[in-house]
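A.B. asks: All residue numbers for the sequence shown refer to the numbering used here, where the first residue is 807 and numbers rise by one. Idealized CB from N, CA, C, for every residue including glycine. Owing to the predicted nature of the structure, the values given are computational and were not obtained by experimental measurement.
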Amino acid sequence: MPTPDSPTPAHDTPAHDTPAQDTATAPTLLTGALTGKALADQVTRGVKADLHAWEFRPHLVSVLASGDPASRVYVDSKARRAERLGVQFTARDLGDTLTDAALHAALDELSADPGVHGIMLELPLAPGLDADAALLRLAPRKDVEGLSPANLALIAAGREAEALLPPTPRSIRFLLRAALGDDLRGLNIAVIGPGRTVGRPLTFMLNNRGATVTLCNEHTRDLGRVLAPMNAIVVAVGRAGLLRPEHVQPHHVVIDAGINVQPGGVVGDALPDLPVHAQSPVPGGVGPLTSALMYQNLVRAVKLQRGEPVE
């Protein structure tokens, strides 16, 4: 049965932390551009196999509680992927004038509904709404984005096999393994950006695999000196051009999880084509794999809800 990081038999060892369905093969070490498409394709094949084996279509609900146009674009993209996979998808738009109480009531209803198997609360919420309080209302086993305090607590406690892991940190960990090898034990990895959706859970997830993690932020002084001895750097701040050539070394692996919308398109937090061993591009790096892993989380969520043994 799958772990949160793999549909293979679960043991908390790097050899089983793989995205390929029913395999435990180590990834080929990559250099240059670390794109997520190949790994995403592997994950998607496994998800399709699970979905086609079931006699029903899992129901995934996306909850919108803002007027943010970018959130609507993301929801439409999720809906298209759900249709391709054979997942029932509902976008529940609550508008941008509701109260916390109304949002909580909607999330409570979805969490209690046996016909709903996965819930995504699209962030950011409308001004005045409390995202932390809203995430508390999600049933942990329906929280396919792994953002509820219950799932994050399991990760921090080293109990990943019982949790639904946030897909973006999972995607980053896969790409790190693709560049550095299955076994991350003893490697030095810097995480720039202690956000709740990426940096904080990723720090624990890397520690759970034996890596030594240095947590930085956009205010870290003498960043180049701090990063010099690192094997890899993950940047997830949301500040374009934060990581520059003077901060990196030729041996570094850089995973860019930053998303910054500019007139010319979407860019990451790192300048492109840094003089490093390997670097994930934006777009095309973390993103494709993140989307596939979210649907893999839905498969795991269904198995947990059905009482099937999941290690």
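In the DSSP assignment, what are the bridge partners of Gln-1068?
C.D. replies: By 1-based counting over the sequence shown, the position of residue 1068 is 262. Answer is Gly-1071.
A.B. asks: Please confirm whether Leu-904 and Leu-927 have their CB atoms less than 9 Å apart.
C.D. replies: On the sequence shown, position 98 is the one that residue 904 refers to. On the sequence shown, position 121 is the one that residue 927 refers to. Cβ atoms of Leu-904 and Leu-927: not closer than 9 Å.
A.B. asks: Measuring only the C-alpha atoms, how far is Gly-1071 from Ala-888?
C.D. replies: Reading the sequence shown from its first residue, position 265 is the one you call residue 1071. Reading the sequence shown from its first residue, position 82 is the one you call residue 888. Whole-angstrom Cα-Cα distance: 25 Å.
A.B. asks: Quick one: any contact between the stretch 957-970 and the stretch 1002-1017, if contact means 3 or more CB pairs under 8 Å?
C.D. replies: Yes, the stretch 957-970 is in contact with the stretch 1002-1017.
A.B. asks: In the DSSP assignment, the beta strand (DSSP E) including Thr-1018 goes from what residue to what residue?
C.D. replies: Here residue 1018 corresponds to residue number 212 of the sequence shown, with the count starting at 1. Per DSSP, Thr-1018 belongs to the beta strand (DSSP E) from 1018-1022.
A.B. asks: I want to know whether the stretch 945-957 touches the stretch 986-1001 - three or more CB-CB distances under 8 Å.
C.D. replies: Judged by Cβ distances under 8 Å, the stretch 945-957 makes no contact with the stretch 986-1001, as fewer than three pairs qualify.
A.B. asks: Use the C-beta contact count for Glu-1112: other C-beta atoms within 10 angstroms, 16 or more gives buried, fewer gives exposed.
C.D. replies: Here residue 1112 corresponds to residue number 306 of the sequence shown, with the count starting at 1. Per the sequence presented here, residue 1112 reads as Arg, with Glu not at that position. Exposed is the call here.
A.B. asks: Are the beta-carbon atoms of Ile-1061 and Gly-1044 separated by less than 9 Å?
C.D. replies: Looking up residue 1061 in the sequence shown gives position 255. Looking up residue 1044 in the sequence shown gives position 238. No.
A.B. asks: Helix, strand or coil: which one does DSSP assign to His-1083?
C.D. replies: Locating residue 1083 in the sequence shown gives position 277, where the first residue counts as 1. In the structure shown, His-1083 sits in coil (DSSP, three-state: anything other than H, G, I, E or B).
A.B. asks: Does Asp-828 come out as helix, strand or coil in the three-state DSSP assignment?
C.D. replies: Mapped onto the sequence shown, residue 828 falls at position 22. Confidence is the limiting factor: at Asp-828 the pLDDT is only 28, short of 50, which leaves the residue's position unreliable, though a coordinate-based value still follows. Asp-828: coil per DSSP, three-state reduction.
A.B. asks: In whole angstroms, give me the CA-to-CA distance for Ala-907 and Ile-1039.
C.D. replies: The residue you call residue 907 lines up with position 101 of the sequence shown. The residue you call residue 1039 lines up with position 233 of the sequence shown. Cα to Cα, Ala-907 sits roughly 41 Å from Ile-1039.
A.B. asks: Could you give the DSSP three-state label for Thr-850: helix, strand or coil?
C.D. replies: For the purposes of this step, residue 850 is taken as the residue at position 44 of the sequence shown. Reduced to three states, the DSSP call for Thr-850 is helix.
A.B. asks: Could you pull the start and end residues of the beta strand (DSSP E) that Asn-1037 belongs to?
C.D. replies: For the purposes of this step, residue 1037 is taken as the residue at position 231 of the sequence shown. Neither: Asn-1037 is in no beta strand (DSSP E) and is coded neither H nor E.
A.B. asks: Measuring CA to CA, which of Ser-977, Pro-1069, Pro-1087 is closest to Met-1100?
C.D. replies: Here the question's residue 1100 lines up with position 294 in the sequence shown. Minimum Cα distance to Met-1100 is reached at Ser-977.
A.B. asks: Should the stretch 836-848 be called in touch with the stretch 890-900, which here means at least 3 C-beta pairs below 8 Å?
C.D. replies: The stretch 836-848 is not in contact with the stretch 890-900.
A.B. asks: Put Ala-1076 into one of helix, strand or coil per three-state DSSP.
C.D. replies: For the purposes of this step, residue 1076 is taken as residue 270 along the sequence shown, with counting starting at 1. The answer is strand: DSSP assigns Ala-1076 an E or B state.
A.B. asks: Which partner residues does Asp-1108 have in the DSSP bridge list?
C.D. replies: Indexing the sequence shown from 1 puts residue 1108 at position 302. Note on identity: in this sequence residue 1108 is Val, with Asp being the wrong assignment. Answer is none; Val-1108 lacks a bridge partner.
A.B. asks: Phe-980 by DSSP, collapsed to three states: which one?
C.D. replies: On the sequence shown, residue 980 is found 174 positions in, with the first residue counted as 1. Helix, per DSSP.
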